[in-house]
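Here it is, written out as structure tokens:
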């Protein structure tokens, strides 16, 4: 509903309390080398239509620093990633202010849907961004960063630390994991 305020001449749009912004579309294609899987889109990212959109999120800087892309990229470059053999998706597609707002039903539905998406595009590597994403997908606890013993179809699985600004103390570990992925891919 559009509401006009007498003190504010610009119309504002008020969404119902339970409404969420549209989710982010997958950036997937057959034959990719690498697909990154986030836990779910933040409301901030969904409103902008861009993965890892917060300026404090280190995802885009880490891609370049680890040598996975030859040029610095930013959130607006998400649709260009398949040209570099890279895709993006999420375990749960529902945007929330944080992962704590996700439910067991969200994870159950997301797990099944993600499995189908990953089998369909069959990347060489699936890299989960954050332990929680992989723990919820795999049902395993106390997951270590790096290469995992499981596979998803023919895809190798890696787990890296979250790129959220709240996880900045893990910067060196992020780069180590991404360089391990790069070495695995022979880049």
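Residue numbers (our numbering): 579 to 765. Idealized CB from N, CA, C, for every residue including glycine.
Residue i - DSSP class collapsed to helix/strand/coil
i, result
"residue 630", "coil"
"residue 740", "coil"
"residue 718", "coil"
"residue 734", "strand"
"residue 727", "strand"
"residue 616", "strand"
"residue 621", "helix"
"residue 694", "helix"
"residue 647", "coil"
Neighbourhood of residue i by C-beta distance below 6 Å, restricted to the same chain and skipping five residues each side
i, result
"residue 706", "615, 712, 737"
"residue 748", "739"
"residue 642", "650"
Euclidean distance between Cα positions of residue i and residue j
i, j, result
"residue 688", "residue 668", "8 Å"
"residue 674", "residue 645", "31 Å"
"residue 697", "residue 740", "24 Å"
"residue 655", "residue 733", "24 Å"
"residue 730", "residue 604", "18 Å"
"residue 720", "residue 618", "20 Å"
"residue 611", "residue 682", "30 Å"
"residue 661", "residue 717", "32 Å"
"residue 631", "residue 684", "22 Å"
"residue 709", "residue 671", "17 Å"
"residue 760", "residue 679", "33 Å"
"residue 623", "residue 602", "8 Å"
"residue 691", "residue 750", "32 Å"
"residue 715", "residue 745", "21 Å"
"residue 728", "residue 686", "19 Å"
"residue 629", "residue 653", "6 Å"
Endpoints, beta strand (DSSP E) assigned at residue i
i, result
"residue 785", "Residue coverage of the chain in this structure runs from 579 to 765, which leaves residue 785 outside it and unanswerable."
"residue 668", "664–668"
CB of residue i within 9 Å of CB of residue j, strictly
i, j, result
"residue 613", "residue 704", "yes"
"residue 753", "residue 640", "yes"
"residue 658", "residue 666", "no"
Cβ-based neighbour list, residue i, same chain, cut-off 8 Å, excluding 5 preceding and 5 following
i, result
"residue 608", "698, 699, 700"
"residue 755", "705, 723, 724, 736, 737, 738, 739"
Cβ-based neighbour list, residue i, same chain, cut-off 7 Å, excluding 5 preceding and 5 following
i, result
"residue 742", "635"
"residue 663", "610, 611, 612"
"residue 677", "617, 618, 710"
Span of the alpha helix (DSSP H), counted from its first residue to its last, around residue i
i, result
"residue 655", "No alpha helix (DSSP H) holds residue 655; DSSP gives it neither H nor E."
"residue 760", "749–763"
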